[in-house]
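S.K.: I have a structure I would like to understand better, so I am pasting it below and will then ask my questions one at a time.
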Amino acid sequence: MSSGVLRTRWLPPAVALLVFLGLWYLVSDVLLDDDRQFLLPPPHAVVEVAFLDPVNRAPLLRGLALSATVALIGFLIAVVLGVAIGTAMSQARWVERSLYPYAVLLQCVPILALVPVIGFWFDFGLTSRVIVTVLIALFPVISSTLFGLQSTDRGQHDLLSLHRAGRVTRLVKLQFPSALPALLTGLQVAATLAVVGAVVGDLFFKQGTPGIGVLIDLYRARLQTEQLLGAALLACLLGVAAFSLLGLLIRVTTGGWHGSTTVHGRPR
Amino acid sequence: MLELSGVERTFSDGTAAVRDLDLRVRRGEFVSVVGPSGCGKSTMLRLVSGLEPTTAGTVDVAPCRLGYVFQDPTLLPWRTVTRNVELLAELEGIPRVERRRRVERVLDLVGLTGFEQARPAALSGGMRMRASLARSLVLEPELFLLDEPFGALDELTRERMNDELVALFTGGAFTALFVTHSVSEAVFLSSRVVVMSPRPGHVVGEVSVPFPYPRKPRLRFTPEFGRLAGQVSDLLRDADGGRDEWVVPA
């Protein structure tokens, strides 16, 4: 990595982070009176209390592991279901007409409002949490699959028609590969939504084995701001990790040929 | 090889692309079709290939291996040159070893040796078109349909591709139906040039080009070549109702 890349790619966000931390200290140490500092403890206090003290670190890491598991299972189910539904829609007009409105509806319904109902039906364990996650992450997978499969070049379709390619051949050799960039972008959105679903769904469940969400609610009730901020930070990192992993997958699979992918800002 | 009689193609919005289209192509001929933009030349090729149905009339194509080269190279961007060129052979179920042998041969034929592992994005416009030609040549077509394949290329590349196509035609055993709106390209390539009217397109005249194959690049600057190109241009102008805004491409 050249020093130029270091300067243009990593310096700006690093500066932004420093400014952010500076503002945090400013609010915490200067603007807030001592008896109100518990509202926003300084960054080092959050690290010390939430991450360095084993008494707090252990439940936080257990919560993180649970939420990550829920997010991962939910994401994988959403991918399998979403790709299957999107593909079915692309193959038959009537499937698209009958299902798409409900897929959109699913996206519009505030899933979190359904959390009590889902908990009522499926109890407050892993299953309910995964269901909430799937419901939240499903739509972007369906829509990006459908959009990707439908936006294949017409000339390429003609080429396959000339050689009497069947549906399956067409899907495998042409439509799926050409849908891949759109599909993966949809999956990236879905992956971050899965994390949101896992954490926020958990927060709303308020019971069962505590994931990050339950912990957040607990710390809030106890006014343990350091732990609360630590938990929120871990949830953020989980989301960033999901986003980055999918970004890596995009680069590995389509980076070699898809036009909009750039490396270090240079078009390939 | 191929006979169209009284062919009509009307789209669902009511516009007729071609009407009363008659055309006969004999085995071993290289026939170019020229006409104003939007006169239904491409539609004619789609009808011949069976990609589109006729509204009226008959399309009679002798059973044969068909090659079709589109205006765009339509290469698959995720496949390398080799994998793109073998695509149609793959669809036709030709075994892998045989496929690779043929691919090697046609890549040599179109001058793409050394670019086997390149992706389309890394190729120039001319090279992409060569890959597209190679993809069709792999199946050793007997009837070759070419839809303005060199329209997007610069003049120099286009002339070179024309030279190469003439060489391929001379060495190969195919019949060609070539759509273009370049008069000189048509005359240089063809044994016969057919002129179409504006939409709805039909044949309004034809000019025989008696030069033997192989043809040398210098042929373009002979007086006889100029005379034939002039005849085609005149036919085109008449077909277009003598309108001035339509400029005959060089």
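Line by line, the protein sequences give chains A and B. First residue of the first sequence: -17, per this note's numbering; consecutive thereafter. First residue of the second sequence: 12, per this note's numbering; consecutive thereafter. For each residue, glycine too, the CB sits at the ideal point set by N, CA and C.
Assuming B/V177 contacts B/R203 (C-beta within less than 8 Å), just tell me the rounded distance between them.
M.R.: Walking along the second sequence from the start, residue 177 of chain B turns up at place 166. Walking along the second sequence from the start, residue 203 of chain B turns up at place 192. Not quite, the Cβ-Cβ distance comes to about 15 Å (not below 8 Å), so this is no contact.
S.K.: According to DSSP, simplified to helix, strand and coil, what is B/G241?
M.R.: Position 230 of the second sequence, counted from the start, is the residue given in the question as residue 241 of chain B. Of the three classes helix, strand and coil, the one that applies to B/G241 here is helix, per DSSP.
S.K.: Rounded to whole angstroms, what is the Cα-Cα separation between A/E171 and A/G68?
M.R.: As a working note, residue 171 of chain A is residue 189 in the first sequence. As a working note, residue 68 of chain A is residue 86 in the first sequence. The displayed chain sequence assigns Val, not Glu, to residue 171 of chain A. Rounded to whole angstroms, A/V171 to A/G68 spans 16 Å at the Cα level.
S.K.: What number of angstroms, rounded off, separates the C-alpha of B/A240 from the C-alpha of A/R(-9)?
M.R.: Taking the first residue of the second sequence as position 1, residue 240 of chain B is located at position 229. Taking the first residue of the first sequence as position 1, residue -9 of chain A is located at position 9. Roughly 58 Å between the two C-alpha positions.
S.K.: From A/V(-3) to A/Y7, what does the alpha carbon distance come to, in whole angstroms?
M.R.: The count along the first sequence starts at 1 and reaches residue -3 of chain A at position 15. The count along the first sequence starts at 1 and reaches residue 7 of chain A at position 25. Cα to Cα, the separation comes out at about 15 Å.
S.K.: Between the C-alpha atoms of B/V190 and A/S133, what's the straight-line distance to the nearest angstrom?
M.R.: For the purposes of this step, residue 190 of chain B is taken as the residue at position 179 of the second sequence. For the purposes of this step, residue 133 of chain A is taken as the residue at position 151 of the first sequence. Approximately 27 Å between the Cα atoms of the pair.
S.K.: Looking at chain A, is there any beta carbon in it that lies within less than 8 Å of the beta carbon of B/S23?
M.R.: Taking the second sequence and counting its residues from 1, one reaches residue 23 of chain B at position 12. No, because no Cβ of chain A sits closer than 8 Å to the Cβ of B/S23.
S.K.: Can you have a look at B/A184 and say buried or exposed, based on whether 16 or more other CB atoms are within 10 angstroms of its CB?
M.R.: Counting from one through the second sequence, the residue named residue 184 of chain B turns up at place 173. Result: exposed.
S.K.: Beta carbons nearer than 9 Å to chain B: which residues of the stretch 140 to 152 of chain A have them?
M.R.: If the cut-off is 9 Å between Cβ atoms, the stretch 140 to 152 of chain A has D140, L141, L142, S143, L144, H145, R146, A147, T151 near chain B.
S.K.: Which runs of the alpha helix (DSSP H) at least 4 residues long sit entirely within the stretch 43 to 84 of chain B? Give them in chain order.
M.R.: Listed in chain order, they are 52 to 60.
S.K.: Here's a check: name, in chain order, each residue in its chain whose Cβ is nearer than 8 Å to the Cβ of B/G17, leaving out the five neighbours to either side.
M.R.: Here residue 17 of chain B refers to the residue found at position 6 of the second sequence. For B/G17, where only same-chain residues beyond five positions count, the Cβ hits under 8 Å are D31, L32, D33, A67, G68, T69.
S.K.: Report yes or no: do the stretch 92 to 101 of chain A and the stretch 110 to 123 of chain A share at least 3 C-beta pairs separated by less than 8 Å?
M.R.: These segments touch.
S.K.: Taking A/I198 as the reference, give the member of A/V12, A/D17, A/L(-1), A/S49 with the closest Cα.
M.R.: Locating residue 198 of chain A in the first sequence gives position 216, where the first residue counts as 1. Selected option, being the one with the closest Cα: A/S49.
S.K.: Taking the alpha-carbon positions, what's the B/L123 to B/M140 distance?
M.R.: Taking the second sequence and counting its residues from 1, one reaches residue 123 of chain B at position 112. Taking the second sequence and counting its residues from 1, one reaches residue 140 of chain B at position 129. The straight-line gap from Cα to Cα measures roughly 11 Å.
S.K.: Bridge partners of B/V18, per DSSP?
M.R.: Within the second sequence, the letter at position 7 stands for residue 18 of chain B. Paired residues: B/L32.
S.K.: Check this for me: beta carbons of A/A176 and A/A60, under 8 Å apart or not?
M.R.: The residue given as residue 176 of chain A occupies position 194 in the first sequence. The residue given as residue 60 of chain A occupies position 78 in the first sequence. Result yes, Cβ atoms of A/A176 and A/A60 sit closer than 8 Å.
S.K.: In whole angstroms, what is the alpha-carbon distance linking B/V92 and A/Q73?
M.R.: Taking the second sequence and counting its residues from 1, one reaches residue 92 of chain B at position 81. Taking the first sequence and counting its residues from 1, one reaches residue 73 of chain A at position 91. Those two C-alpha atoms are separated by around 29 Å.
S.K.: Here's a check: name, in chain order, each residue in its chain whose Cβ is nearer than 6 Å to the Cβ of A/I124, leaving out the five neighbours to either side.
M.R.: The residue given as residue 124 of chain A occupies position 142 in the first sequence. Within the same chain, A/I124 has close Cβ partners G64, I67, G68, A85.
S.K.: Between A/G212 and chain B, is the shortest Cβ-Cβ distance under 8 Å, so that the two count as touching?
M.R.: In the first sequence, counting from the first residue as 1, residue 212 of chain A sits at position 230. Not one chain B Cβ lies under 8 Å of A/G212.
S.K.: Are the C-beta atoms of B/A132 and some chain A residue less than 8 Å apart?
M.R.: Numbered from 1 along the second sequence, position 121 holds the residue referred to as residue 132 of chain B. Yes, its Cβ sits closer than 8 Å to a Cβ of chain A.
S.K.: State yes or no: is the beta carbon of A/R105 nearer than 8 Å to at least one beta carbon in chain B?
M.R.: As a position in the first sequence, residue 105 of chain A is number 123, starting the count at 1. Looking at the sequence shown, residue 105 of chain A is not Arg but Asp. No, A/D105 lies away from the interface with chain B (no Cβ there is under 8 Å from its Cβ).
S.K.: Identify, in the order they occur along the chain, each residue of the same chain with its Cβ nearer than 8 Å to the Cβ of A/L88, setting aside the five sequence neighbours on each side.
M.R.: Start at 1 with the first residue of the first sequence, and residue 88 of chain A comes out as number 106. So the list reads L117, L120, F121, once near-sequence residues are dropped.
S.K.: Determine the closest residue to B/V45 out of B/L102, B/E170, B/V215, B/A28, with distance taken between C-alpha atoms.
M.R.: What you label residue 45 of chain B is simply residue 34 of the second sequence in a count that begins at 1. Per the Cα distances, B/V215.
S.K.: Mind listing the chain A neighbours of B/L157? Cutoff is C-beta to C-beta under 8 Å, in chain order.
M.R.: Within the second sequence, the letter at position 146 stands for residue 157 of chain B. By Cβ distance, chain A contributes nothing, its closest Cβ being about 14 Å from B/L157, past 8 Å.
S.K.: For B/E265, I'd like the list of residues in its chain whose CB is within less than 7 Å of its CB, leaving aside the five on either flank, ordered along the chain.
M.R.: Given that chain B is displayed from residue 12 to residue 261, the structure contains no residue 265 of chain B and the question cannot be resolved.
S.K.: Express the C-alpha separation of B/M12 and B/R38 in angstroms, rounding to a whole number.
M.R.: Taking the first residue of the second sequence as position 1, residue 38 of chain B is located at position 27. Taking the first residue of the second sequence as position 1, residue 12 of chain B is located at position 1. Cα-Cα distance, rounded: 5 Å.
S.K.: Going along the chain, which unbroken runs of the beta strand (DSSP E) with 3 or more residues stay wholly within the stretch 123 to 182 of chain B?
M.R.: Listed in chain order, the complete beta strand (DSSP E) runs (minimum 3 residues) inside the stretch 123 to 182 of chain B are 154 to 158.
S.K.: Beta-carbon of A/T244 versus every beta-carbon of chain B: anything under 8 Å?
M.R.: Numbered from 1 along the first sequence, position 262 holds the residue referred to as residue 244 of chain A. Here A/T244 scores only 41 on pLDDT, less than 50, and its place in the model should not be relied on; the value that follows carries that caveat. By this cut-off, A/T244 is not an interface position.
S.K.: Under the three-state reduction of DSSP, which class applies to A/L205: helix, strand or coil?
M.R.: Your numbering for residue 205 of chain A matches position 223 in the first sequence. A/L205 falls in the coil class under three-state DSSP.
S.K.: For chain B, is any of its Cβ atoms less than 8 Å away from the one on A/Q157?
M.R.: Your numbering for residue 157 of chain A matches position 175 in the first sequence. No - not a single Cβ of chain B is within 8 Å of the one on A/Q157.
S.K.: Can you find the residues in the same chain that come closer than 7 Å, C-beta to C-beta, to B/R130, ignoring five residues on each side of it along the sequence?
M.R.: Walking along the second sequence from the start, residue 130 of chain B turns up at place 119. If we look at B/R130 and ignore the five residues flanking it on each side, its Cβ neighbours are P88, T91.
S.K.: Nearest to B/Q128 by CA position, among B/T168, B/V114, B/D251, B/E151, is which residue?
M.R.: On the second sequence, residue 128 of chain B is found 117 positions in, with the first residue counted as 1. Checking every option, the nearest Cα to that of B/Q128 belongs to B/V114.
S.K.: Between B/P88 and chain A, is the shortest Cβ-Cβ distance under 8 Å, so that the two count as touching?
M.R.: Locating residue 88 of chain B in the second sequence gives position 77, counting from the first residue. So yes, B/P88 belongs to the interface.
S.K.: Report the residue from B/E109, B/G137, B/R107 whose alpha carbon sits nearest the alpha carbon of B/L86.
M.R.: Here residue 86 of chain B is taken as the residue at index 75 of the second sequence, counted from 1. Comparing Cα-Cα distances from B/L86 to each of B/E109, B/G137, B/R107, the minimum goes to B/G137.
S.K.: Consult DSSP for A/L0 and reduce its assignment to one of helix, strand or coil.
M.R.: Stepping through the first sequence from its first residue, residue 0 of chain A is reached at position 18. Three-state DSSP puts A/L0 in a helix.
S.K.: B/S195 lies in the alpha helix (DSSP H); which residues open and close that run?
M.R.: Position 184 of the second sequence, counted from the start, is the residue given in the question as residue 195 of chain B. Here the alpha helix (DSSP H) through B/S195 covers 194 to 200.
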